[in-house]
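Trainee: My questions all concern the structure below.
Protein chains: 2
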Amino acid sequence: MSGSKCARLSGARVQQLLDSVDSVLFDCDGVIWRGDQAIPGAAQVINLLKEKGKRVFFVTNNSSKTRKMYAEKMSVLGFDVNEEEVFGTAYCSAVYLKTVCKLEGKVYLMGSDAMRQELEAVGIQQTGVGPDHISGKQTDWANVPLDPEVKAVLVGFDAHFSYMKLNRAFQYLTQQDCLFVGTNRDTRLPLEGGKAVPGTGCLLLAVETAAQRQAQTVGKPNHFMFDCVASKFGVDPDRCLMVGDRLDTDILLGSNCGLKTLLTLTGVSTVAEAEAHQQSGCAERQGMVPDFYVESIADLLPALQG
Amino acid sequence: MSGSKCARLSGARVQQLLDSVDSVLFDCDGVIWRGDQAIPGAAQVINLLKEKGKRVFFVTNNSSKTRKMYAEKMSVLGFDVNEEEVFGTAYCSAVYLKTVCKLEGKVYLMGSDAMRQELEAVGIQQTGVGPDHISGKQTDWANVPLDPEVKAVLVGFDAHFSYMKLNRAFQYLTQQDCLFVGTNRDTRLPLEGGKAVPGTGCLLLAVETAAQRQAQTVGKPNHFMFDCVASKFGVDPDRCLMVGDRLDTDILLGSNCGLKTLLTLTGVSTVAEAEAHQQSGCAERQGMVPDFYVESIADLLPALQG
């Protein structure tokens, strides 16, 4: 696959690219769906790739679902996927705390019930999930009772995020031996029709700012997500394609791990942004330049149907 | 007052400094009190300064109280102060929106009831104060009903801060003509016994990150707080002393406005931090080097009693 980067993928090059890989990693939000609506043609693309013998995996920074919940959503939308093929940050964060941090103790969880389920599936107990409203006054907040078994704070997407939760995470993190892990730094969650809601990155930054500590993040562009896939399925980076809609997470993950990279324009990033990175002359930004781009992953269909 | 900066203030120099000023500006948290406890001797210092004919003002980034509430707290703690002498960010933000922004419309307020009161006192209506819990799902959040009269988002300290409030502020701020103002960027609120709780800076950063916009902040080190005092009381910067416990807000405000500056060590910053700024050789950091420091403002007492 010689030639310059950030090339529009079409015609014979599609087949050429597909022939050069055995595995394809897809991001989810903005790539195969937006909110609850599948990108037109996405299910066909996934199913045909599998029929042609490619291994397909899903790698998402979204921490709001368990692997099982993702597989169920995909099934409803017509994707032929089983949960072993899905790597979300709810699952990967639990694996990270268990295998990399070798956590012995509980987690203070700022996150969803799905995160609680994935933690418990690997044998980690949590405290914190659900609403936590304010009461009392400042001195009460500063002296809020802490669970002495908590040895880590994990921050993911939490619709119940509140000042009291921010304060509780902060009080745990004043203990210097308390681990600090975040699922991801995405600042917005894109939805249908150009709408968006604030992402986990906003919540994580609030906690980091209070604690004056930086979290280790599990999600893309950290290579841990790819390591999870590779260690379980023996993926050869050289024969693997990463498909995503974000330059700073998906494409950078691909570059960080030596994968081929394909940007799709159905989500957050634009070709102009990719070209700006390419022309910046800044070494750090070259990792955010994809090998190829398509308007939509449906652009892969002709080659797969041919 | 010649000589090097960041000198310990004691002996005859105290009287010399006091003779050189007509007005003294005090920060509150960490300077005259910590939480609900007055710094020992602080009330005597304030009262004696006034008896000696100095004009005394209070300039605090804390947005949780109205001027009236501050005056009442001070009275309970033995300070002889009236509310006209208190400049908190609840009051100053209202003045800022009214006089600098010339706001015509409502404010979406992420803040306290005290902020609501100060806004209403200058004739600005608000929406948003109080709890705002999550309900529905992502598409509901993205399409949350917005008040068409809202023309500004104001972020201050809000114990009811929640994901829904973050989302609501974000949705307002996607309207490019919506003003964006924050009370201050203090990341922690220090309390008694070395304890602290997360400050407004954490909340503001979360909103800024979601909105990908930067707020205009009213509080120290922005000179607006001093302008409020100076325009009302005709203060000569050259004959004014700023006393505070934070280098990055109080001392920097003083430097920004050409005031004499005194660091007190009963709060957040240390002499070592001040000396590090001084020795950095970095022009930007020189504004955070105080002229003098004391252990406590009680160190001013002997000169005042003499």
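The listed protein sequences derive, respectively, from chains C and Z. Here UniProt numbering is used: the first residue of the first sequence is 1, the next is one more, and so on. Here UniProt numbering is used: the first residue of the second sequence is 1, the next is one more, and so on. For each residue, glycine too, the CB sits at the ideal point set by N, CA and C.
Could you name the residues of the same chain whose beta carbon sits closer than 7 Å to that of Z/V24, not counting the 5 residues immediately before and after it, in chain order?
Mentor: Excluding positions up to five away in sequence, the list reads L49, K54, V56, L241, V243.
Trainee: Taking the C-alpha atoms as reference points, what is the distance between C/D177 and C/G306?
Mentor: 57 Å
Trainee: How would you call C/N82, buried or exposed, if buried means at least 16 neighbouring beta carbons within 10 angstroms?
Mentor: exposed
Trainee: Note the first and the last residue of the continuous alpha helix (DSSP H) segment covering C/T200.
Mentor: 200-211
Trainee: Give the interface partners of Z/N222 over in chain C, defined as CB-CB distance under 8 Å, in chain order.
Mentor: In chain order: nothing, as chain C lies at least about 19 Å away.
Trainee: Given C/M164, which residues of its chain have a CB within under 6 Å of its CB, disregarding the five upstream and five downstream residues?
Mentor: D132, I134, listed in sequence order.
Trainee: Once the 5 residues before and after Z/N47 are set aside, which same chain residues still bring their CB inside 6 Å of it?
Mentor: D80
Trainee: Per DSSP, Z/V56 is paired with what?
Mentor: Z/V24
Trainee: When DSSP labels each residue in this structure, what does Z/V14 get in the three-state scheme?
Mentor: helix
Trainee: Under a Cβ-count criterion, where at least 16 other Cβ atoms within 10 Å of its own Cβ denotes burial, should Z/E85 be classed as buried or exposed?
Mentor: buried
Trainee: Does the Cβ-Cβ distance between Z/V197 and Z/R188 come in under 9 Å?
Mentor: Contact: yes.
Trainee: CB-CB under 7 Å to Z/G35, same chain, minus the five flanking residues each way: which ones, in chain order?
Mentor: L191, E192
Trainee: Would you mind reading off the limits of the beta strand (DSSP E) that contains C/R188?
Mentor: 188-190
Trainee: For chain Z, is any of its Cβ atoms less than 9 Å away from the one on C/Y163?
Mentor: Among the residues facing chain Z, C/Y163 is included, as its CB has a counterpart in that chain under 9 Å away.
Trainee: With H, G and I counted as helix, E and B as strand and the rest as coil, what does DSSP make of Z/A38?
Mentor: The answer is strand: DSSP assigns Z/A38 an E or B state.
Trainee: Whole angstroms is fine: what's the gap from C/T200's alpha carbon to Z/L166's?
Mentor: 12 Å
Trainee: So, does the CB of Z/L189 fall closer than 9 Å to a CB anywhere in chain C?
Mentor: yes
Trainee: Counting only C-beta atoms, is Z/C202 closer than 9 Å to chain C at any point?
Mentor: yes
Trainee: Quick one: does Z/L207 have its CB under 9 Å from some CB of chain C?
Mentor: In the sequence on display, residue 207 of chain Z carries Val and not Leu. Closer than 9 Å to some Cβ of chain C, the Cβ of Z/V207 qualifies, so yes.
Trainee: If C/S112 and C/S162 are in contact, beta carbons under 8 Å, what's the gap, nearest whole angstrom?
Mentor: Not a contact, Cβ separation roughly 14 Å.
Trainee: Is residue 307 of chain Z near Z/R67, with beta carbons less than 9 Å apart?
Mentor: Only positions 1 to 306 of chain Z appear in the structure, and residue 307 of chain Z is not among them; the question remains open.
Trainee: Scan the region 63-122 of chain Z and note each continuous beta strand (DSSP E) run of 3 residues or more that stays entirely inside, going in chain order.
Mentor: Considered as a whole, the region 63-122 of chain Z harbours 86-88, 106-110 as its complete beta strand (DSSP E) runs of no fewer than 3 residues, in chain order.
Trainee: Return yes when at least one heavy atom of the ligand MN lies under 8 Å from the C-beta of C/C202, else no.
Mentor: What this structure holds is no ligand at all, so the ligand MN is not there to describe.
Trainee: Could you name the residues that DSSP lists as bridge partners for Z/K260?
Mentor: In DSSP, Z/K260 forms a bridge with Z/L241.
Trainee: Looking at chain Z, is there any beta carbon in it that lies within less than 9 Å of the beta carbon of C/N184?
Mentor: No - not a single Cβ of chain Z is within 9 Å of the one on C/N184.
Trainee: Under a Cβ-count criterion, where at least 16 other Cβ atoms within 10 Å of its own Cβ denotes burial, should C/A274 be classed as buried or exposed?
Mentor: buried
Trainee: Report yes if the CB atom of Z/R13 is closer than 9 Å to the CB atom of Z/F292, and no otherwise.
Mentor: yes
Trainee: Could you tell me whether any Cβ in chain Z is nearer than 9 Å to the Cβ of C/F58?
Mentor: no
Trainee: Kindly indicate if chain Z contains any beta-carbon less than 9 Å away from that of C/M288.
Mentor: no
Trainee: Is Z/I134 close to chain C? Criterion is C-beta to C-beta, closer than 9 Å.
Mentor: Yes, Z/I134 lies at the interface with chain C (some Cβ there is under 9 Å from its Cβ).
Trainee: 9 Å is my cut-off, CB to CB: does C/T139 come that close to chain Z?
Mentor: Cβ-Cβ to chain Z under 9 Å: yes for C/T139.
Trainee: Would a check of beta-carbon distances place residue 356 of chain C closer than 9 Å to chain Z?
Mentor: Outside the shown range of chain C, which is 1 to 306, sits residue 356 of chain C, and nothing can be said about it.
Trainee: State the DSSP-derived secondary structure class of C/K5, mapped to helix, strand or coil.
Mentor: coil
Trainee: Please confirm whether Z/M166 has its beta-carbon closer than 9 Å to some beta-carbon of chain C.
Mentor: According to the sequence displayed, residue 166 of chain Z carries Leu and not Met. Closer than 9 Å to some Cβ of chain C, the Cβ of Z/L166 qualifies, so yes.
Trainee: State the Cα-Cα distance for the pair Z/A303 and C/L97, rounded to the nearest angstrom.
Mentor: 59 Å
Trainee: Between Z/E192 and chain C, is any beta-carbon pair separated by less than 9 Å?
Mentor: yes
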